[in-house]
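Worksheet: the structure to be examined is printed underneath.
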Amino acid sequence: MSLALRLLGTSASRPTVERNVSSIAVVREGETMLFDCGEGTQRQMMRYGVSFALRDIFFTHFHADHLIGIIGLLRTMALQGRTEPLRLWGPRGATRTVKRAEEFGMDRLSFPLEVTELEPDQRVNRGDYDIALFPADHRGARAVGYALVEHDRKGRFNPDLARELGIPEGPLWGEIHRGRSVTLADGRVIEPSVLVGPARPGRRIVITGDTRPSAATVEAARGADLLVHEATFGDEEAERAVETGHSTAREAATVARSAGVGTLLLTHFSARYSRDAADLGREAREVFAATVVGKDGLEIEVPYRV
Ligand SMILES: [Zn+2]
Ligand SMILES: [Zn+2]
C-alpha cells in the first residue's frame, strides 16, 4: 500500500518566483487528496503530475493563501466535464466560504460539490484509515490541522508453521489470519495466536496548516512517521511569529522532538527565505536532526516501519 506526500506550494502569504502558496497532495494507493488549495494550485498539480480525479480537498483554514486556488480548480474540473462529486472539508465557515468561491468561478458546475464542516476534534473514518482533526493556534482564526491515521494491519501469517502443523493451504489460512480459531478435520483446534503475529501499526502523517507551536500538535503527531509543520520565520523573527500566529523553524523542530516523529518537513516560508531557506533548516536541525526543508514539488514517500 503506497503512501506519499507532495508539496505543491511552500510559500507563506503570496507566491514568489521560486515557490507557490500552500497546497499539499497526499496520494495513498491511487487515491489523491489535497490539503489546502492556494492560488495556482492547479498548475502545480499539472507540473508535478497530481491527478485531477481527486475526490477530497481538506482546508486547514480560510486565509486566502490556502483557499483561492479552488476557484480556478473548480472551473477547470467543470471544463473537463467532471461529473463525480468533489468533497470539500474544513472548519466551521466552510460552507459559506466555498459557496462564494463557487459563485465567483463558475456559471454552473457540472458536478456536485459536497461541503462538510468539521469540529476541531472530529475524526472522519475513511475505511482503513481516519482523518483526525486537531485545533491549530493561528491568531484566533478557525484553523485546524489534520492527521491521516492508518488503522493497524493484521499481524503476519506464518505459512511455514501452518504447513508444518498440517493445515491445508486455502480458506482455513484466511480464517486464521482474520483472527478466528479453526477446527481441523482431525479435531485439533488452532488458535490464531499460534500462526499470526501481533497487529502491525499503520502509518501516520500530520499536517499542521498555519499555527503557533502547540500541545495539540504534539499530541496529534506523537509517533507520527511524517510531520509537516509550518515554519514561516527564522530565529531573528521569533517575535513576529508570535504576533502573526505562526511558528519559527526552531519551534517546529521542538514540536517534532516532543512528539518523537520520524521526519519533520518544513513548509510555508516567508518570502525572505524563498530563494534560500538553508538558515531555517540549520536552526531546526539544532533541535531535531531529521528535518527536511520543503520545496515545491518535493515528494516524500512514507513506508511502513514494520
Ligand atoms: Zn498561510
Ligand atoms: Zn493563515
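In case it helps, this note's numbering puts the sequence shown at residues 31 to 336.
Note that beta-carbon positions come from the ideal geometry of N, C-alpha and C, so glycine has one too.
These figures come from a predicted structure and were not determined experimentally.
List the whole-angstrom C-beta distance separating residue i from residue j, where the pair is believed to meet the contact cut-off of C-beta under 8 Å.
i      : j      : result
Thr262 : Ala271 : 6 Å
Ala42  : His298 : 5 Å
Asp50  : Gly68  : The question names Asp, but residue 50 in the sequence shown is Asn. With a Cβ gap of about 7 Å, Asn50 and Gly68 count as contacting.
Leu256 : Ile330 : 6 Å
Gly99  : Ser53  : 6 Å
With a threshold of 7 Å (Cβ to nearest heavy atom), would residue i be considered close to ligand 1?
i      : result
Asp95  : yes
Ser43  : yes
Ser52  : yes
His298 : yes
Using a 10 Å radius around the Cβ and a threshold of 16 neighbouring Cβ atoms, would you call residue i buried or exposed?
i      : result
Arg77  : exposed
Ser277 : buried
Ala181 : The sequence shown places His at residue 181, rather than the Ala named in the question. Exposed is the call here.
Met63  : buried
Phe134 : exposed
Asp95  : buried
Asp326 : buried
Arg126 : exposed
Val56  : buried
Arg234 : buried
Pro201 : exposed
Tyr159 : buried
Ala308 : exposed
Going by Cα to Cα distance, which pick from the options is closest to residue i?
i      : options                           : result
Arg315 : Glu269, Lys325, Gly327 and Asp265 : Asp265
Asp240 : Glu149, Ser223, Ile330 and Glu281 : Glu281
Arg117 : Ala289, Leu35, Asp66 and Glu194   : Asp66
Ala171 : Arg242, Ile237 and Arg186         : Arg242
Gln74  : Thr274, Leu38 and Ile54           : Leu38
Val236 : Ala229, Ala254 and Phe318         : Ala254
Glu48  : Ala301, Val322 and Leu33          : Ala301
Val291 : Pro222, His93 and Val332          : Val332
Ile161 : Ser304, Val226 and Glu149         : Glu149
Ile197 : Lys184, Ala289, Arg208 and Val212 : Val212
Thr293 : Thr106, Ala192, Gly324 and Leu97  : Gly324
Thr238 : Ala177, Arg105, Ala34 and Thr321  : Ala177
Thr274 : His259, Asp86 and Arg169          : Arg169
Closer than 7 Å: is that where the CB of residue i sits relative to any heavy atom of ligand 2?
i      : result
Asp158 : no
Asp240 : yes
Ala171 : yes
Arg181 : Residue 181 is actually His in this sequence, not Arg. No - ligand 2 has no heavy atom lying nearer than 7 Å to the Cβ of His181.
His259 : no
His207 : no
**Report entry** Whole runs of the beta strand (DSSP E) within the region 171 to 197, excluding any shorter than 3 residues
**Finding:** Fully contained in the region 171 to 197 are the following beta strand (DSSP E) runs of length 3 or more, in chain order: 174 to 180.
Query raised in the report: Which whole runs of the alpha helix (DSSP H) in the region 222 to 265 are 4 residues long or more, in chain order?
Result: Runs found: 222 to 225 and 245 to 251.
Query - Whole runs of the beta strand (DSSP E) within the region 276 to 325, excluding any shorter than 3 residues - result: The region 276 to 325 contains these whole beta strand (DSSP E) runs: 293 to 297 and 321 to 323.
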